[in-house]
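Heads up, the thing below is written out as structure tokens.
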Amino acid sequence: MNLRVFPTAQAAADAAAEAFARVAREAVTARGAFHVALSGGSTPKLMYATLRDLPDIPWKAVYIYFGDERSVGPDSPESNYGTAQRELLSYVSVPASQIHRMEGERRPLEEAAAAYAALLPECLDVNLLGMGDDGHTASLFPGTAALEAGGRVVANWVPQHDTGRLTMTFPEINAARQRWLLVSGDKKAEALADVQAGRGDHPVARLENPVWFVDAAATRELES
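Heads up, the sequence shown is in our numbering, so the first residue is 77 and it goes up one at a time.
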């Protein structure tokens with residue numbers, strides 16, 4: 077388990093931001109572009125605030141995607157795109173044509189999923205993810221149909237929230253060059269300990285070789 081532990085959520089977010097900047101520079105040098113999928117959640121939001129102030133990120137060669145989205149429009153406070161726009165994208169020089177949001181307001185959601193799958197690059201450099209206290213990641217919730225889905229992006233009915241979501245599938249997420257998980261808070265500790273010990277059937281355990289950026293609170297139940 078590639079686990080990087082930091083004293084606070086802010087420290088974990090800062091480390092992830094520094095890694096983002098480094099990998100972005102490396103990708104642009106090697107391939108001319110950096111393709112990254114962003115995430116919702118509180119810890120990525122902290123990371124965005126750090127990222128917008130870091131120097132030497134080649135933003136004009138960065139292409140932005142999203143790993144999942146709620147079934148809302150871009151102006152909704154619940155929109156992952158909206159959060160990224162407010163907290164990061166409005167501060168940096170990524171060309172608008174290189175920011176690709178999921179159309180959470182589109183109906184049926186299956187059409188939005190197909191449209192999004194069609195515009196994804198062959199391979200993402202980094203897929204940035206979070207984890208819920210139930211062990212879900214992206215909008216791949218326990219017991220939902222998308223856990224077994226193929227393809228790249230699907231609509232997923234989430235009975236836990238009585239709503240539909242758009243989400244990348246596990247094959248798509250695992251096809252990225254790197255997967256990063258930003259996790260903080262003691263509410264995540266039980267799920268993180270289960271994943272470490274191979275207990276239960278948490279969706280996040282299906283990720284292949286992720287890098288975990290976590291705060292100390294999330295590790296309080298880990299086995300030493």
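Every residue gets a Cβ at the ideal spot worked out from N, C-alpha and C, and that includes glycine.
CB contact flag (residue i, residue j, <8 Å)
i, j, result
"G261", "A109", "no"
"V112", "W135", "no"
"G180", "G116", "no"
"V287", "R80", "yes"
"D129", "R241", "no"
"D291", "R253", "no"
"D209", "K264", "yes"
"H237", "P279", "no"
"T126", "A93", "yes"
Boundaries of the beta strand (DSSP E) in which residue i is found, first to last residue
i, result
"I140", "138 to 142"
"D291", "287 to 291"
Outcome for residue i when other beta-carbon atoms lying within 10 angstroms are tallied against a minimum of 16
i, result
"A225", "buried"
"R255", "buried"
"A106", "exposed"
"S215", "buried"
Opposing strand residues paired with residue i [DSSP bridges]
i, result
"T213", "L216"
"A113", "Y141, N203"
"L298", "The partner list for L298 (beta bridge, DSSP) is empty, contrary to what the question assumes."
"Q174", "Bridge partners of Q174: none, in fact."
"R146", "R241"
Coarse secondary structure for residue i, derived from DSSP in three states
i, result
"T245", "coil"
"V234", "strand"
"R80", "strand"
"G240", "strand"
"D262", "helix"
"R255", "strand"
"V168", "coil"
Unbroken alpha helix (DSSP H) run spanning residue i, endpoints
i, result
"R98", "85 to 107"
"Q272", "265 to 273"
"E198", "Counting along the chain, E198 falls outside any alpha helix (DSSP H), and DSSP gives it neither H nor E."
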